[in-house]
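Accompanying notes for the structure given below.
Protein chains: 2
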Amino acid sequence: MRHDPARLSFEIEARDRGARRGRLLTSHGPVETPAFIPLATKGSVRGMSSREVKGLGFELVLGNTYHLLVAPGPERIEQAGGLHRFMAWDGAIITDSGGFQVFSFAYGGVAEEIKGTGRKMQGLAATLGIEEEGVRFRSYRDGSELMLSPESSMSVQASLGSDIALVFDECTPFHAEREYTARSTERTHRWLHRSLDWHNRNGPAGQAVFGIVQGGTYEDLRLQSAEQVSAAGVDGIAIGGTLGRNKEEMAQVLGFTVPSLPVDAPKHLLGIGEIDDLMRGIALGIDVFDCAVPTRLARHGMALAPLPDNRFRIDIRKGYAAGRRGPLVDGCACTACSDYDIDYLNYISRSEELTAVRLLVEHNLSYMEQLMAEARAAISSGRFTAYSDAVLAGKTPWLAAEAT
Amino acid sequence: MRHDPARLSFEIEARDRGARRGRLLTSHGPVETPAFIPLATKGSVRGMSSREVKGLGFELVLGNTYHLLVAPGPERIEQAGGLHRFMAWDGAIITDSGGFQVFSFAYGGVAEEIKGTGRKMQGLAATLGIEEEGVRFRSYRDGSELMLSPESSMSVQASLGSDIALVFDECTPFHAEREYTARSTERTHRWLHRSLDWHNRNGPAGQAVFGIVQGGTYEDLRLQSAEQVSAAGVDGIAIGGTLGRNKEEMAQVLGFTVPSLPVDAPKHLLGIGEIDDLMRGIALGIDVFDCAVPTRLARHGMALAPLPDNRFRIDIRKGYAAGRRGPLVDGCACTACSDYDIDYLNYISRSEELTAVRLLVEHNLSYMEQLMAEARAAISSGRFTAYSDAVLAGKTPWLAAEAT
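Protein chains in written order, with our numbering: chain Z, 16 to 419; chain R, 16 to 419.
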């Protein structure tokens, strides 16, 4: 671990058992943690302007190196003055390394098993080869051959000018055997050092770098990886790769991985963000989470709601929502919940009106941010367990916060 | 004409040659005219919440009887407390009669020639018969047979509770022969009286009714129609049907139609709304305009801009926009122009990001409203001709307003 406040500092302000409330100080301002990070995969959060995302309370978004490399390309973003200026976002940005995407293509349908994404690009993009040097793949845009390696990933992220870059890693699927995972994790560690070497020589002054702990579901490999990453001089630590087949396995993997990491390091759980995952992750000491779920669900007419028996989501296209008065979620401050009945949301969503997606994106993101704001407050006042229990029991988070 | 302030009143505040600045007083507040009316065809303005539409300065939106009849149906909207409550819009609403849509299907591809719409529904919906009673058609939603007649159209509009209902009419395409147009116009007049009879007996107290002048491109038929409609006891007059093959013919048709209508009547030019059309329509004394163009263009990456040689639009997906610094339109107050370079809009539009459509809808609507606000101010100060000349010459409207 390294501590260079010119790049990043992390202050832990309160602890409540394993959970902590903190503040990441980035080159583009503070990020209160625990935080949920909306995806701005291609430089925009689905259907939202950057000022609207800011208005919901978010301080950090995630841009995608792979997609931004394919289009518009790092040169154009650099010419625009970097990703912040390009997308008119004056908060902090973390960029992933592109590793997850290029490996998703290689593993085909199995990518679904890792994090439930990658579906769209299959058939459009293909991985041409995974080598020690890096990964060659075809652009889904124009078919040209592109390469992502530790050096090129860090170079793209330098051009983007993100506040936090992620090292280039291999993201192994859960079906990978122990031997493959072990070899892959070793290569990921060599790529970690190559990423850091490139960044130390060429990286922007204000850009921090997070290492990524891999090792699949294997405790010894995760511990080795935790040790390697912690010792490598990174500014923070992300936990990547498969966390198992189900939530019990995820709890197990996090249970042995997180305690093996430096307590003071900011910790990012990659690609995870269902509501129960957040509560359990926060309890273990995770500080930031990114996930496509809130924005992706919206596209399919799904809204986040305090419904633990239904994966904290509700399909507003279903018949029960037609004619139903009252807001989607009582007390939610978003436009959909403030202004409209469920009835209307059902209708415009079934009618495939763009407004439906837009309102649901706002609801889902707003819901996440309100949940996280409450979680931060709960940690500060030493009542996170009660808060988390209430959320997991399906109490409306705002009511839960008042009750505890 | 009738003047019942409980339903609607129209005050003309200033005149500048043929143009006038006025105020429609509806059951849901005032509408400053000349006004552009955004389409909320299916109860939402594309990608926008109702409060956002209000925030852009609009006071009147147009809902579509045909689409809202097919889904969710008038009963459900009535149960929700009417269209205003259903869509959380506390401004005024005008509803069209559905005639345009059902006739578009009957005329097939020719509908394109009328107003450039109707494309989407072909093959999904079919007109089963045009009779004296009304028009039978198939629901594009579930294939069921539905009927629109003067009585059923007014009944649906009563359930919707719009502030201004439009009588049920036949919208003839420009290729219709004189004889067909004459017979159709006569039927439209019989339908006018049936619409008003139904409304006088059953219409909501606060709902005004506009008649529709038809007659194709034939001067004598237009004059007959103008006379019939003016004498029928309507609260305002809409001009519908074909206005010819091109803008010169439209100017001709409006040139003999508008002067034959009562000066004091509020006048709505149906489905017309390109920027030059607005300027010419305002000069002739048109008070309100509705048009799908601003929202439809946005879906195709097109932004309104002061470019008369390019139909006042710009395709931001084209190559010249890539890498281009500066706002889409100087001085435009919308989010796209305030926050982003053209470069970014080009990229997200080419990437088919939902945010691109959302930003362009807001730009196009905002642009229209700013243009209309300037036009109103210009009329009040007796400089509308200079203002219109500047707009038609491609000066940024805001700059033009300062210059004149």
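No residue lacks a Cβ here, since even glycine has one placed at the ideal position from N, Cα and C.
A quick note: this is a predicted structure, and the numbers were derived from the prediction, not measured.
Q) Name the chain Z residues whose beta carbon is nearer than 8 Å to that of R:M317? A) Here residue 317 of chain R refers to the residue found at position 302 of the second sequence. Result: empty, since nearest Cβ-Cβ is about 16 Å, beyond 8 Å.
Q: Please confirm whether R:M317 and R:L407 have their CB atoms less than 8 Å apart.
A: In the second sequence, counting from the first residue as 1, residue 317 of chain R sits at position 302. In the second sequence, counting from the first residue as 1, residue 407 of chain R sits at position 392. At a Cβ-Cβ threshold of 8 Å, R:M317 and R:L407 do not count as neighbours.
Q) So, using beta-carbon positions, are R:R35 and R:G300 closer together than 8 Å? A) Counted from its first residue, the second sequence places residue 35 of chain R at position 20. Counted from its first residue, the second sequence places residue 300 of chain R at position 285. Less than 8 Å separates the beta-carbon of R:R35 from that of R:G300.
Q) Where do the ends of the alpha helix (DSSP H) carrying Z:N79 lie? A) Start at 1 with the first residue of the first sequence, and residue 79 of chain Z comes out as number 64. Careful: Z:N79 lies outside any alpha helix (DSSP H), inside the beta strand (DSSP E) at 75-79.
Q) Helix, strand or coil: how does DSSP classify R:I287 here? A) Counting from one through the second sequence, the residue named residue 287 of chain R turns up at place 272. Assignment of R:I287 by DSSP, reduced to helix, strand and coil, places it in the coil class.
(Q) Whether or not the region 170-188 of chain R and the region 101-111 of chain R are in contact is what I'm after, with contact meaning three or more pairs of Cβ atoms, one per stretch, closer than 8 Å; do they touch? (A) As far as the Cβ criterion goes, the region 101-111 of chain R touches the region 170-188 of chain R, which means the pair count is three or higher.
Q. What residues are listed by DSSP as bridge partners for R:S24?
A. In the second sequence, the residue the question calls residue 24 of chain R occupies position 9. When DSSP reads this structure, R:S24 sits in a beta bridge with R:L40.
Q: Output the distance between the C-alpha atoms of Z:V76 and R:R314, rounded to the nearest integer angstrom.
A: The residue given as residue 76 of chain Z occupies position 61 in the first sequence. The residue given as residue 314 of chain R occupies position 299 in the second sequence. Here the alpha carbon of Z:V76 sits roughly 26 Å from the alpha carbon of R:R314.
Q: Give the residues of chain R in contact with Z:G62, contact being defined as C-beta atoms less than 9 Å apart.
A: Here residue 62 of chain Z refers to the residue found at position 47 when the first sequence is read from its first residue. Those are G62, E368, L369, T370, V372, R373, listed as they occur along chain R.
Q.
With a threshold of 8 Å between beta carbons, is Z:Y362 in contact with chain R?
A. For the purposes of this step, residue 362 of chain Z is taken as the residue at position 347 of the first sequence. Contact of Z:Y362 with chain R is assigned, a C-beta pair being separated by under 8 Å.
Q.
For R:A390 and R:G296, I'd like the C-alpha separation in whole angstroms.
A. Along the second sequence, one-based indexing puts residue 390 of chain R at 375. Along the second sequence, one-based indexing puts residue 296 of chain R at 281. Taking the straight line joining both Cα atoms gives about 12 Å.
Q | Beta-carbon spacing of Z:V372, R:L369 below 8 Å | A | As a working note, residue 372 of chain Z is residue 357 in the first sequence. As a working note, residue 369 of chain R is residue 354 in the second sequence. Yes, Cβ-Cβ distance for Z:V372 and R:L369 is below 8 Å.
Q.
With a threshold of 7 Å on Cβ separation, who are the neighbours of Z:T400 within its own chain once the five nearest residues in sequence on each side are excluded?
A. The count along the first sequence starts at 1 and reaches residue 400 of chain Z at position 385. Shown here for Z:T400: same chain residues with a beta carbon closer than 7 Å to its own, the five before and five after excluded, namely R32 in chain order.
Q. Can you list, in chain order, the residues of the region 341-365 of chain R whose Cβ is nearer than 9 Å to any Cβ on chain Z?
A. For the region 341-365 of chain R, the residues whose beta carbon sits under 9 Å from a beta carbon of chain Z are, in order, T350, A351, S353, D354, Y355, D356, D358, Y359, N361, Y362, I363, R365.
Q: Please decide whether Z:D94 counts as near chain R, where near means a Cβ-Cβ distance under 8 Å.
A: Residue mapping note: residue 94 of chain Z aligns to position 79 of the first sequence, counting from 1. One point to set straight first is that residue 94 of chain Z is Gln, not Asp, in the sequence displayed. Cβ-Cβ to chain R under 8 Å: yes for Z:Q94.
Q) Thinking just about the alpha-carbon of each residue, which of R:E93, R:W206, R:V308, R:A121 is nearest to the one in R:P219? A) Along the second sequence, one-based indexing puts residue 219 of chain R at 204. Among R:E93, R:W206, R:V308, R:A121, the Cα nearest to that of R:P219 is on R:E93.
Q | DSSP state of Z:F225 mapped onto helix, strand, coil | A | Reading the first sequence from its first residue, position 210 is the one you call residue 225 of chain Z. Look at Z:F225 here: in three-state DSSP terms it is strand.
Q: Could you tell me if Z:H283 is buried or exposed, where buried requires 16 or more neighbouring beta carbons within 10 angstroms of its beta carbon?
A: As a position in the first sequence, residue 283 of chain Z is number 268, starting the count at 1. Z:H283 sits buried, since 16 or more C-beta atoms from the chains shown fall within 10 Å of its C-beta.
Q. When DSSP labels each residue in this structure, what does R:R153 get in the three-state scheme?
A. For the purposes of this step, residue 153 of chain R is taken as residue 138 along the second sequence, with counting starting at 1. Per DSSP, reduced to three states, the secondary structure at R:R153 is strand.
Q: Run down chain R in chain order and give the residues with a C-beta less than 8 Å from the C-beta of Z:A86.
A: What you label residue 86 of chain Z is simply residue 71 of the first sequence in a count that begins at 1. Contact annotation for Z:A86 against chain R: Y362, R365, S366 [CB-CB distance below 8 Å, chain order].
**Q.** Residues of its chain near R:I27, where Cβ-Cβ distance is below 6 Å and the 5 sequence neighbours each way are ignored
**A.** Mapped onto the second sequence, residue 27 of chain R falls at position 12. Cβ neighbours of R:I27 beyond the five flanking positions: R35, G37.
Q. Would you say R:A401 faces chain Z, with C-beta separation under 8 Å as the test?
A. If you number the second sequence from 1, residue 401 of chain R lands on position 386. With 8 Å as the cut-off, R:A401 does not count as an interface residue toward chain Z.
Q) In or out: Z:S159 buried (at least 16 other Cβ within 10 Å) or exposed? A) As a first step, residue 159 of chain Z must be located in the first sequence, where it is residue number 144. Looking at its Cβ environment, which holds fewer than 16 other Cβ atoms inside 10 Å, Z:S159 is exposed.
Q) Any idea which residues DSSP pairs Z:M162 with across the strands? A) Locating residue 162 of chain Z in the first sequence gives position 147, counting from the first residue. DSSP output for Z:M162 lists Z:R151 as bridge partner(s).
Q. Taking one C-beta from the region 380-396 of chain R and one from the region 50-64 of chain R each time, how about it: are there three or more such pairs within less than 8 Å?
A. Flag = yes, the region 380-396 of chain R and the region 50-64 of chain R touch.
**Q.** Distance, R:R332 Cα to R:S364 Cα
**A.** Position 349 of the second sequence, counted from the start, is the residue given in the question as residue 364 of chain R. Position 317 of the second sequence, counted from the start, is the residue given in the question as residue 332 of chain R. Rounded to the nearest angstrom, the two C-alpha atoms are 6 Å apart.
Q: Look at Z:S199 and Z:L238 and say whether their C-beta atoms are less than 8 Å apart.
A: Along the first sequence, read from residue 1 onward, the residue named residue 199 of chain Z stands at position 184. Along the first sequence, read from residue 1 onward, the residue named residue 238 of chain Z stands at position 223. Not closer than 8 Å, so no.
(Q) Mapping the DSSP letters down to three states, classify R:R373 as helix, strand or coil. (A) As a position in the second sequence, residue 373 of chain R is number 358, starting the count at 1. Helix, per DSSP.
Q. Is it right to say R:N217 is buried, meaning 16 or more other beta carbons lie within 10 angstroms of its own, or is it exposed?
A. What you label residue 217 of chain R is simply residue 202 of the second sequence in a count that begins at 1. Exposed: under 16 other Cβ atoms inside 10 Å.
Q: Return the first residue and the last residue of the alpha helix (DSSP H) that R:F399 is part of.
A: For the purposes of this step, residue 399 of chain R is taken as the residue at position 384 of the second sequence. Residues 399-407.
Q) Do you know whose CA, among R:G341, R:P281, R:A280, R:I290, lies nearest R:A307's CA? A) The residue you call residue 307 of chain R lines up with position 292 of the second sequence. Comparing alpha carbon positions, the residue from R:G341, R:P281, R:A280, R:I290 closest to R:A307 is R:I290.
**Q.** Residues near R:A103 by beta carbon distance below 6 Å, same chain, minus five either side
**A.** One-based indexing of the second sequence puts residue 103 of chain R at position 88. Around R:A103, the same chain offers S65 as residues with beta carbons nearer than 6 Å, after the five sequence neighbours per side are excluded.
Q: Output the distance between the C-alpha atoms of Z:V85 and Z:R156, rounded to the nearest integer angstrom.
A: Your numbering for residue 85 of chain Z matches position 70 in the first sequence. Your numbering for residue 156 of chain Z matches position 141 in the first sequence. Going from the Cα of Z:V85 to the Cα of Z:R156 covers about 7 Å.
Q | Backbone CA spacing between R:Q229 and R:L163 [nearest angstrom] | A | Residue mapping note: residue 229 of chain R aligns to position 214 of the second sequence, counting from 1. Residue mapping note: residue 163 of chain R aligns to position 148 of the second sequence, counting from 1. Whole-angstrom Cα-Cα distance: 18 Å.
Q. Cβ atoms of Z:A247 and Z:I179: under 8 Å apart, would you say?
A. The residue you call residue 179 of chain Z lines up with position 164 of the first sequence. The residue you call residue 247 of chain Z lines up with position 232 of the first sequence. Between Z:I179 and Z:A247, the CB-CB gap reaches or exceeds 8 Å.
Q. Since R:F101 is in the alpha helix (DSSP H), which residue starts that stretch and which ends it?
A. Locating residue 101 of chain R in the second sequence gives position 86, counting from the first residue. Secondary structure note for R:F101: its alpha helix (DSSP H) is the uninterrupted segment 98-101.
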